[in-house]
Amino acid sequence: MRILIIEDEITLNRTLQEGLTDFGYQVDAAENYKDAEYFIDIRNYDLVLTDWMLPDGDGIELCKIVKNRSSRTAVVILSARDDKDSEIEALKAGADDYIKKPFDFDILLARIEARLRFGGTNVIEIEQLSINPDEEKIEFNGEEIELKGKPFEVLTHLARHRDQIVSKEQLLDAIWEEPELVTPNVIEVAINQIRQKMDKPLNISTIETIRRRGYRFCYPDSNEEA
679 MRILIIEDEI
689 TLNRTLQEGL
699 TDFGYQVDAA
709 ENYKDAEYFI
719 DIRNYDLVLT
729 DWMLPDGDGI
739 ELCKIVKNRS
749 SRTAVVILSA
759 RDDKDSEIEA
769 LKAGADDYIK
779 KPFDFDILLA
789 RIEARLRFGG
799 TNVIEIEQLS
809 INPDEEKIEF
819 NGEEIELKGK
829 PFEVLTHLAR
839 HRDQIVSKEQ
849 LLDAIWEEPE
859 LVTPNVIEVA
869 INQIRQKMDK
879 PLNISTIETI
889 RRRGYRFCYP
899 DSNEEA
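Each residue of the sequence shown is one higher than the last, beginning at 679 in my numbering.
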């Protein structure tokens with residue numbers, strides 16, 4: 679499960695990062711609205727934990743962006759505002775929970791776990807193709823396809839953004855924990871494995887190479903590989 683923390687108070691931000699990481703969550707963290715937008719644009723999150731008041735923006739607006747992109751992503755608002763109207767405003771904006779500061783970490787953790795249990799399905803279904811990120815499982819016409827690891831993650835990311843052209847740099851940032859330590863060639867290797875292990879045996883095309891720009895998920899109305 680991947681969580682994005684958006685909190686401008688540095689000490690609290692680090693405490694949340696360390697605490698959630700200790701409980702097995704994959705965590706990204708931002709300290710302002712601009713950086714949060716960047717993470718939301720390149721990665722898919724199971725839950726976003728955001729402060730209401732940020733130095734350059736509003737956590738409620740981020741909540742709306744997250745929900746417009748993926749309604750199944752849970753959003754929890756943290757706020758020093760303890761009035762009823764603020765809580766109602768946050769929930770009406772799409773937040774799944776509202777937690778007043780200061781809070782107990784164990785209670786926050788329990789409420790995060792509860793929200794994640796209530797999250798909808800994460801399965802991507804496109805025509806005969808089914809991709810289950812939680813189980814790292816792909817099926818085509820009911821037949822399971824053996825594709826694991828980074829190639830699976832690349833395919834999943836492109837499928838989630840199938841209306842977009844995604845660059846190598848965006849794929850590296852979205853999938854690799856330390857993208858600066860690997861070369862863009864790893865993307866080409868992953869794409870080649872997808873084509874060899876899945877597209878070729880099934881006689882389909884799932885990923886189109888867009889010259890000098892990146893890749894686009896193109897199943898089912900696929901053209902020949904570029």
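For every residue, glycine included, the Cβ atom is placed at its ideal position computed from N, Cα and C.
Query: Q806 - DSSP class collapsed to helix/strand/coil; Result: coil
Query: Buried versus exposed, by CB contacts within 10 Å (16 or more), I785; Result: exposed
Query: For A634, the nearest candidate out of P733, G697, P780 and D700 (CA to CA); Result: Residue 634 lies beyond the stretch modelled for the chain, which goes from 679 to 904, so this question has no answer here.
Query: Cβ neighbour criterion (16 or more within 10 Å) applied to G737; Result: buried
Query: Test item: CB-CB of L825 and I885 under 8 Å; Result: no
Query: Whole-angstrom distance between I823 and N801, CA atom to CA atom; Result: One point to set straight first is that residue 801 is Val, not Asn, in the sequence displayed. The straight-line gap from Cα to Cα measures roughly 15 Å.
Query: Alpha carbon of K875 to alpha carbon of C741, nearest angstrom; Result: 38 Å
Query: Endpoints, beta strand (DSSP E) assigned at G892; Result: G892 to F895
Query: Where E685 falls: helix, strand or coil (DSSP); Result: coil
Query: Secondary structure, beta strand (DSSP E): runs of 3+ residues fully inside the stretch 828-900; Result: 885-888 and 892-895
Query: Contact between the stretch 711-729 and the stretch 679-689 (3+ Cβ pairs under 8 Å); Result: yes
Query: Cβ pair I790, D729 closer than 8 Å; Result: no
Query: Helix, strand or coil at S757 according to DSSP, with G and I counted as helix; Result: strand
Query: Residues sharing a beta bridge with E817, DSSP; Result: S808 and E822
Query: 6 Å Cβ shell around L906 - same chain, five flanking residues per side excluded; Result: No statement about residue 906 is possible, as the shown extent of the chain runs from 679 to 904 and does not include it.
Query: Backbone CA spacing between G735 and I718 [nearest angstrom]; Result: 15 Å
Query: For Y776, the first and last residue of its enclosing beta strand (DSSP E); Result: D775 to K778
Query: Terminal residues of the alpha helix (DSSP H) in which A708 lies; Result: Premise fails: A708 lies in the beta strand (DSSP E), Q704 to A708, not in any alpha helix (DSSP H).
Query: Spatial neighbours of K846 in its chain, beta-carbon cut-off 7 Å, leaving aside the 5 residues before and after; Result: P862, I865 and G892
Query: The stretch 753-767 contacting the stretch 809-817, beta-carbon criterion three pairs below 8 Å; Result: no
Query: Exposure label - V844; buried when at least 16 CB within 10 Å; Result: buried
Query: Inter-residue Cα distance where the pair is G697 and L807; Result: 37 Å
Query: Spatial neighbours of E817 in its chain, beta-carbon cut-off 6 Å, leaving aside the 5 residues before and after; Result: S808
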